[in-house]
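What follows is a set of notes on a single structure, which appears directly below.
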Amino acid sequence: MVRRPRVGGGRRARPRRKARDLRRDGAALGLGPPRAAALSRAPGRRRPAGARGSSATALLGPALVERISLDVRPMNPSRVASVLTMAQNSRKPKREERGRRILTASRSRILPLLTLLTLLGLVVSACTQQGGGPSTGGGTDQADPNGELTTRVGGEPDTIDPQKESFVDEIGVTMRVFEALMTADVKTGKVIPAAAKDQPKISADGKTYTYTLRDGLKYSDGKAITANDFKYGWQRLCDPATAGEYAFTGYIVAGCEAWNSMDPKKDDPAKLASAKTDFLSNITVSGNDITFKLTDPAPYFNAIASIWVGAPAREDTVTKGGDKWTEPATFIGNGPFVLSEWKHNEKMVFTRNPNYRTPTKLAKWTVVMITEGAVAFAAYRNNEIDLYGVAAEDLRTIDGDADLKKQVVDGPDGCSYYVGFNNRKAPFNDKNVRVAFAKSFDRDAYINDVQKIGKPSTSFISPGLPGYDSGDTFQKFDPAAAKAALAQAAPAATAALADVKITYSANARNKTRLEWFQQQWKTNLNANITLDPVDSTTFTQLVKKPETLPLMFLLGWCPDYYDQQDWLTTVFSSKASSGRVGYTSKQFDDLVFAADKEGDSKKRDDMYQQASRLLSQDAAAAFIYYGATKILQKPWVKNYYITALGFEIARFTDVYVTKKT
Numbered sequence: 211m212v213r214r215p216r217v218g219g220g221r222r223a224r225p226r227r228k229a230r231d232l233r234r235d236g237a238a239l240g241l242g243p244p245r246a247a248a249l250s251r252a253p254g255r256r257r258p259a260g261a262r263g264s265s266a267t268a269l270l271g272p273a274l275v276e277r278i279s280l281d282v283r284p285m286n287p288s289r290v291a292s293v294l295t296m297a298q299n300s301r302k303p304k305r306e307e308r309g310r311r312i313l314t315a316s317r318s319r320i321l322p323l324l325t326l327l328t329l330l331g332l333v334v335s336a337c338t339q340q341g342g343g344p345s346t347g348g349g350t351d352q353a354d355p356n357g358e359l360t361t362r363v364g365g366e367p368d369t370i371d372p373q374k375e376s377f378v379d380e381i382g383v384t385m386r387v388f389e390a391l392m393t394a395d396v397k398t399g400k401v402i403p404a405a406a407k408d409q410p411k412i413s414a415d416g417k418t419y420t421y422t423l424r425d426g427l428k429y430s431d432g433k434a435i436t437a438n439d440f441k442y443g444w445q446r447l448c449d450p451a452t453a454g455e456y457a458f459t460g461y462i463v464a465g466c467e468a469w470n471s472m473d474p475k476k477d478d479p480a481k482l483a484s485a486k487t488d489f490l491s492n493i494t495v496s497g498n499d500i501t502f503k504l505t506d507p508a509p510y511f512n513a514i515a516s517i518w519v520g521a522p523a524r525e526d527t528v529t530k531g532g533d534k535w536t537e538p539a540t541f542i543g544n545g546p547f548v549l550s551e552w553k554h555n556e557k558m559v560f561t562r563n564p565n566y567r568t569p570t571k572l573a574k575w576t577v578v579m580i581t582e583g584a585v586a587f588a589a590y591r592n593n594e595i596d597l598y599g600v601a602a603e604d605l606r607t608i609d610g611d612a613d614l615k616k617q618v619v620d621g622p623d624g625c626s627y628y629v630g631f632n633n634r635k636a637p638f639n640d641k642n643v644r645v646a647f648a649k650s651f652d653r654d655a656y657i658n659d660v661q662k663i664g665k666p667s668t669s670f671i672s673p674g675l676p677g678y679d680s681g682d683t684f685q686k687f688d689p690a691a692a693k694a695a696l697a698q699a700a701p702a703a704t705a706a707l708a709d710v711k712i713t714y715s716a717n718a719r720n721k722t723r724l725e726w727f728q729q730q731w732k733t734n735l736n737a738n739i740t741l742d743p744v745d746s747t748t749f750t751q752l753v754k755k756p757e758t759l760p761l762m763f764l765l766g767w768c769p770d771y772y773d774q775q776d777w778l779t780t781v782f783s784s785k786a787s788s789g790r791v792g793y794t795s796k797q798f799d800d801l802v803f804a805a806d807k808e809g810d811s812k813k814r815d816d817m818y819q820q821a822s823r824l825l826s827q828d829a830a831a832a833f834i835y836y837g838a839t840k841i842l843q844k845p846w847v848k849n850y851y852i853t854a855l856g857f858e859i860a861r862f863t864d865v866y867v868t869k870k871t
């Protein structure tokens, strides 16, 4: 879960933070079923790559690469041993990575779509959710007080430090063990209080946010939580020495960007100290209150306060543990679970936090690490795991099994996939050419014949998220309109069509996808597009820089939080470091930059909608489909929900398992 200095208001240029950038670009569609886009990683960055596509769970075992399978139900020691044996036998020398955000299938924070799928986001909560529902059926509805939920992930997390991490599986661990000031309601997606007891108090100019902590909050070891603990978490986020991949989310806080952009090894110590002091002066504490001073009005800041980046890592445990503070002995949090055991490369065990304000119904949550999707599917069928993210290749087997068909649960994915055009170069610097290509392929046929799982899209923002616009159909399949648009293209653009290549991360699935598009463009535009397969590392490198950006390529984007700013400004504004198409429109910029600061929600939504429709009409990219997810779920799993975000954002207090009868 990709990518992106996206925060910071519309005006300021965002530094190109490789990590995040790539993350989102990830979906190079070299991926598998939606949300399976796992990012591959670039040197020093993370956000995994994936493997088969699973749409299931960023949430639970956060992120799986190949397909996510999860288990929920009391497990005896022999059963656990069986699952772990399968996990060990399925492991490869090099673990497959999981991730989200920008998707491209490659290395560097780019996810092959496949994993995106697996990243999906299963959320557990007692509320109903848009697009997904609670688990039902099987046995009795009475919760087993000693119930254990066992889920599967595709590999070992690189880090679970909340101020450093960026992969979905990493984030999932953090959000079990820590709780941010705010969270997102799994039913509405609205930001609601978590560690804070109410919505923030916002100054008249929209540049100051004050949160008040709930009374009596404690860490899992019983120590009281203070507002200074949250301040320390934000301090770690913006500290350049932390080298956090999501530090950019803090740039809207005054002083964060200036300090974080410095080099702790090269810059003058006095200047570093001054920058730190300046930043800390913009986060003040008074009793249970913590106040943030922002650089600009930012209605989306409350959403940022709901994600993992500001988790209250405790200074004493971080100092005591040093580089290994995330081991169970010192990984002390304020969330619903405690990381009680971590057997590296095999399993992580979470137990109920006795000091959490709302006790969990589960006594234990075990996450086992199984790389191979096929092994996980077999484990599900053998009742070794009880939740499994379905990949396209599993559908035939499931359709032929009446019992399995009853266990399928459909839900949202949150990610959006598209054909990227290099808007800076001919022929795609001509809007008419882009429009022609966007209207010249049959999205319904693509889902039915190629992708199998997903929903055709003609606009950018995914269903279930703020800004989704079902009425934006400008890019719908229309061969006649496509030909008419191409006929209006400038002669230079038409001539450049002779040398157009579509570059992709080489693998069999991508080849099949691209051959399908190649045929559509030949049939409907008489355009001869050459396929240009490259290795995943090369692909990532090509899409990272404007000067090497291919003419055409496949990408995807997954959200970090519920707000249009996370989509439109972050990806397509002229100042977005995560943008990969070179789209520039003053009208679009004016709309999103104004919306980023607008305090009136209706006006804000209207401006974002205008910008979103302009994006479609300009065909900055050709939108293909929205990710979707299918999971297999055992009947004893209760109150398990699927959300549009690909990582755990909800409290885990209400999911439970029943005793099988």
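For what it's worth, this note's numbering labels the leading residue of the sequence shown as 211, then goes sequentially.
By construction, the Cβ of each residue, glycine as well, lies at the ideal position given by its N, Cα and C atoms.
**OP:** For Glu537, count neighbouring C-beta atoms within 10 Å of its own C-beta (all shown protein chains included) and say buried if the count is 16 or more, exposed if not.
**Re:** With fewer than 16 other Cβ atoms within 10 Å, it is exposed.
Original post:
Taking the Cβ atom as the reference point for each residue, do Val744 and Phe547 lie within a distance shorter than 7 Å?
Top reply: In this structure, Phe547 does not lie closer than 7 Å to Val744 by Cβ.
**OP:** Using the Cα positions of Leu232 and Thr384, report the straight-line distance between them to the nearest angstrom.
**Re:** Residue placement at Leu232 cannot be trusted, given a pLDDT of 34 that sits under 50; what the coordinates show is reported in the next sentence. Between Leu232 and Thr384, the C-alpha separation is close to 22 Å.
Original post:
Between the Cα of Ala515 and the Cα atoms of Tyr456, Thr540 and Trp469, which residue gives the shortest distance?
Top reply: Measuring C-alpha to C-alpha distances from Ala515 to each of Tyr456, Thr540 and Trp469 identifies Tyr456 as the nearest.
Original post:
Whose CA, out of Asp415, Cys448 and Thr527, lies closest to the CA of Tyr429?
Top reply: Of Asp415, Cys448 and Thr527, the smallest CA-CA separation from Tyr429 is found for Thr527.
**OP:** Within the stretch 472 to 535, note down every full beta strand (DSSP E) run reaching 3 residues or more, in order along the chain.
**Re:** Annotation note: the stretch 472 to 535 contains the following uninterrupted beta strand (DSSP E) runs of length 3 or greater, listed N- to C-terminal: 493 to 496 and 499 to 503.
Subject >> Reduced DSSP secondary structure (H/G/I, E/B, other) of Cys768 >> reply: Of the three classes helix, strand and coil, the one that applies to Cys768 here is coil, per DSSP.
**OP:** Leaving aside the five residues before and after Trp552 along the sequence, list all residues of the same chain whose C-beta is less than 6 Å from its C-beta, in chain order.
**Re:** Around Trp552: Pro538 and Met558.
**OP:** Would you decide whether Val867 is buried or exposed? Buried here means 16 or more other CB atoms lie within 10 Å of its CB.
**Re:** Classification of Val867: buried, given that the 10 Å Cβ count is 16 or more.
**OP:** Can you give me the Cβ contacts of Ala648 inside the same chain, cut-off strictly under 7 Å, excluding the 5 residues immediately before and after it?
**Re:** Correct list, in chain order: Gln685, Ala829 and Ala832.
Original post:
Can you name the residues that DSSP bridges to Trp552?
Top reply: According to DSSP, Trp552 bridges with Met558.
Original post:
Is the stretch 760 to 773 touching the stretch 653 to 664 in the sense that three or more CB pairs, one from each, lie closer than 8 Å?
Top reply: As far as the Cβ criterion goes, the stretch 653 to 664 does not touch the stretch 760 to 773, which means the pair count is below three.
Subject >> Residue environment, Lys732, which counts as buried when at least 16 other CB atoms sit within 10 Å >> reply: Under this definition Lys732 is an exposed residue.
**OP:** Going by DSSP, name the residue or residues bridged to Leu423.
**Re:** BP columns for Leu423 point to Ala406.
**OP:** Quick one: measure Cβ to Cβ for Arg790 and Val753, integer angstroms, because I've assumed they're closer than 8 Å.
**Re:** Yes, Arg790 and Val753 are in contact; Cβ-Cβ is about 5 Å, under 8 Å.
Original post:
How long is the line joining the alpha carbons of Ser550 and Gln819, rounded to whole angstroms?
Top reply: Approximately 46 Å between the Cα atoms of the pair.
**OP:** Give a yes or no on whether the C-beta atoms belonging to Ala584 and Ile663 are separated by under 7 Å.
**Re:** The answer is no: Cβ separation not under 7 Å.
Subject >> Cβ pair Gln445, Leu597 closer than 7 Å >> reply: No.
**OP:** Flag this pair as yes or no: are the beta carbons of Leu765 and Ala821 separated by less than 7 Å?
**Re:** Inclusion of Leu765 and Ala821 in the CB contact set at 7 Å is not warranted, their separation being larger than that value.
**OP:** List the residues that DSSP assigns as beta-bridge partners of Arg362.
**Re:** Answer is Val578, bridged to Arg362.
**OP:** Confirm the yes/no value for this check: CB of Ser680, any heavy atom of the ligand SAH, distance under 6 Å.
**Re:** Questions concerning the ligand SAH fall outside what the structure shown contains, since it holds no ligand whatsoever.
Original post:
If you compare alpha carbons, which of Asp773, Arg524, Ala646 and Val865 is closest to Lys433?
Top reply: Comparing alpha carbon positions, the residue from Asp773, Arg524, Ala646 and Val865 closest to Lys433 is Arg524.
**OP:** Figure out for me which residue from Thr863, Pro509, Glu358 and Leu735 has the closest Cα to the Cα of Asp415.
**Re:** Comparing Cα positions, the closest option is Pro509.
Subject >> Nearest residue (CA-CA) to Phe749, options Leu427, Ala690, Leu724 and Ser715 >> reply: The shortest C-alpha to C-alpha distance from Phe749 to any of Leu427, Ala690, Leu724 and Ser715 is the one to Ser715.
Original post:
Which value, in whole angstroms, describes the spacing of the CA atoms of Asp620 and Lys665?
Top reply: So the two alpha carbons sit approximately 12 Å from each other.
Original post:
Using the rule of at least 16 other Cβ atoms within 10 Å of the residue's Cβ for burial, across every protein chain shown, is Pro425 buried or exposed?
Top reply: One detail in the question is off: residue 425 reads as Asp in this sequence, not Pro. Classified as exposed, Asp425 has fewer than 16 neighbouring CB atoms from the shown chains inside 10 Å of its CB.
Subject >> Within 7 Å, strictly: CB atoms of Ser669 and Trp767 >> reply: No; because the gap between Cβ atoms is not below 7 Å, this pair is not in contact.
Original post:
When DSSP labels each residue in this structure, what does Ala702 get in the three-state scheme?
Top reply: Annotated three-state conformation of Ala702 is helix, per DSSP.
**OP:** Would you check if the stretch 482 to 490 and the stretch 450 to 467 touch, i.e. whether three or more CB-CB distances between them fall below 8 Å?
**Re:** Touching, yes, given that three or more Cβ pairs across the two stretches are closer than 8 Å.
**OP:** Give the straight-line distance between the Cα atoms of Asn286 and Ile595, rounded to the nearest whole angstrom.
**Re:** The predicted model places Asn286 with a pLDDT of 44, which falls under 50 and marks its position as unreliable; any figure quoted below should be read in that light. A straight line joining the alpha-carbon of Asn286 with that of Ile595 spans about 13 Å.
**OP:** Using only alpha-carbon positions, find the residue among Ala706, Thr740, Gly399 and Asp477 that is nearest to Ala854.
**Re:** Looking at the Cα atoms, Gly399 is the closest of the given residues.
**OP:** Measure from the alpha carbon of Thr452 to the alpha carbon of each residue in Glu375, Arg814 and Ser667, then state which is nearest.
**Re:** If we check each option's Cα against that of Thr452, Glu375 comes out closest.
Original post:
Taking one C-beta from the stretch 401 to 418 and one from the stretch 499 to 507 each time, how about it: are there three or more such pairs within less than 8 Å?
Top reply: The answer is yes - the stretch 499 to 507 touches the stretch 401 to 418, with three or more Cβ pairs under 8 Å.
Original post:
In angstroms, rounded to a whole number, what distance separates the CA positions of Leu482 and Leu447?
Top reply: If you take the alpha carbons of Leu482 and Leu447, they lie about 15 Å apart.
**OP:** Report the rounded CA-to-CA distance for Lys571 versus Asp806, giving the unit in angstroms.
**Re:** When only Cα atoms are considered, Lys571 and Asp806 end up about 39 Å apart.
**OP:** On the DSSP bridge assignment, give the partners of Asp620 in chain order.
**Re:** Per the DSSP secondary-structure output, Asp620 pairs in a beta bridge with Lys840.
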